[in-house]
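Data block below; observations after.
There are 2 protein chains.
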Amino acid sequence: MLSKRTKYGLKALTYIAKKEGDQPVRVVEIADSENIPQKFLESILLTLKKAGLLGSKKGKHGGYYLRNEPSKIQMTDVMRVLEGPIAMVPCVSLNYYEKCDDCPDEHQCSVHKLMIEVRDSTLKVFRNTTLADLALN
Amino acid sequence: MLSKRTKYGLKALTYIAKKEGDQPVRVVEIADSENIPQKFLESILLTLKKAGLLGSKKGKHGGYYLRNEPSKIQMTDVMRVLEGPIAMVPCVSLNYYEKCDDCPDEHQCSVHKLMIEVRDSTLKVFRNTTLADLALN
DNA sequence: TGTAATCCCTACTAAATTGATAGGGTTAAT
DNA sequence: ATTAACCCTATCAATTTAGTAGGGATTACA
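In the order they appear, the protein sequences are chains L and H. Using our numbering, the letters of the first sequence map in sequence onto residues 1 to 137. Using our numbering, the letters of the second sequence map in sequence onto residues 138 to 274.
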């Protein structure tokens with residue numbers, strides 16, 4: 001299941017991408033438009049900023065803006081920042097690999113094989129989708 | 138992330154499928170072979186039984202057995218029983234649909250669109266994989 | 001220079017979920 | 001009758017989730 005955090009983050013990014021003026025977008029505006037608790041959203045956007053996806057401007061007329069063109073922002077990057085590993089088990093994760101402690105040999109593990117397939121098919125979707133695609137319509 | 142419950146369940150099913158004699162397979166044997174806490178495994182196999190995937194025989198020489206040929210058991214069914222919805226958000230779930238309370242119109246929701254794609258690609262994998270595939274090798 | 005608007009940061013918390021463990025009940029074979 | 005096995009319920013500690021609270025730091029502008 002996708003966390004609310006991730007869902008809100010995606011919606012917020014989409015909102016900002018759609019807006020794309022020269023003015024940064026305020027948290028409160030996004031929160032109101034997308035029905036997201038403001039304080040919660042603040043912390044999410046902060047995460048996205050620290051990850052380099054968003055930039056910010058403080059003070060009056062401040063807000064958040066994209067650091068790249070929407071068409072250059074892949075879902076793989078967004079999802080890894082917001083949700084963590086894309087793989088369903090650590091032993092098939094590209095970026096967060098970890099050995100299972102119950103598994104003597106993962107190359108003979110049926111779950112391992114299956115989850116590699118799932119990972120690859122999900123990755124394909126995320127790699128082929130950019131923020132520009134989300135912002136269409 | 139896949140729960141341990143699901144992972145253990147998949148391993149257990151694979152174990153039983155590989156064994157496939159006329160004797161039912163005992164919980165303790167699976168638990169020992171696959172490094173799964175026995176009591177925990179008991180409750181998982183019970184769930185699989187109640188869902189109709191496994192049958193059981195009580196008492197001496199008892200154990201669990203498959204109710205169908207491995208090649209007839211799709212991962213979609215197994216995953217739904219063990220892990221619940223395959224979709225990452227309830228609003229794109231085929232079997233557990235639920236409206237998002239923050240979303241006025243889900244057809245205009247960017248997350249919705251993306252998650253439909255993910256769901257479909259994951260479903261494709263699960264539909265094309267049976268327990269017989271997991272039990273290979 | 002003061003004030004309001006805005007992002008930034010830390011700490012806390014209630015509720016839910018996960019990954020078990022405990023303890024015994026029921027059934028079947030011998 | 002005894003033992004081996006599944007069946008069932010309750011409980012629990014740790015972790016994660018979805019926030020809330022409270023204020024600090026910075027900037028625009030009057």
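Using N, Cα and C, we set each Cβ at its ideal position, and we do this for glycine too. Note that the coordinates shown come from a computational prediction; the quantities given were computed from them, not determined experimentally.
Query, Result
"N- and C-terminal bounds of the beta strand (DSSP E) containing residue 155 of chain H", "No beta strand (DSSP E) holds residue 155 of chain H; the alpha helix (DSSP H) holding it covers 141–156."
"Complete alpha helix (DSSP H) runs within the stretch 16–52 of chain L (minimum length 4 residues, chain order)", "27–34, 38–50"
"Reference residue 160 of chain H; option with closest CA among H/201, H/246, H/180", "H/201"
"Contact between the stretch 139–152 of chain H and the stretch 212–225 of chain H (3+ Cβ pairs under 8 Å)", "yes"
"Best match in H/224, H/239, H/241 for proximity to residue 233 of chain H [C-alpha to C-alpha]", "H/224"
"Length at least 4, wholly inside the stretch 93–129 of chain L: the alpha helix (DSSP H) runs in chain order", "110–127"
"CA-to-CA distance, residue 163 of chain H to residue 174 of chain H, given in whole angstroms", "14 Å"
"Coil, strand or helix - residue 197 of chain H by DSSP", "coil"
"Coil, strand or helix - residue 271 of chain H by DSSP", "helix"
"Sheet register partners of residue 55 of chain L (DSSP bridge)", "L/65"
"Cutoff 8 Å: residue 68 of chain L Cβ touching any chain H Cβ", "no"
"Neighbourhood of residue 68 of chain L by C-beta distance below 8 Å, restricted to the same chain and skipping five residues each side", "53"
"Meets three-Cβ-pair contact criterion under 8 Å: the stretch 28–45 of chain L and the stretch 151–159 of chain H", "no"
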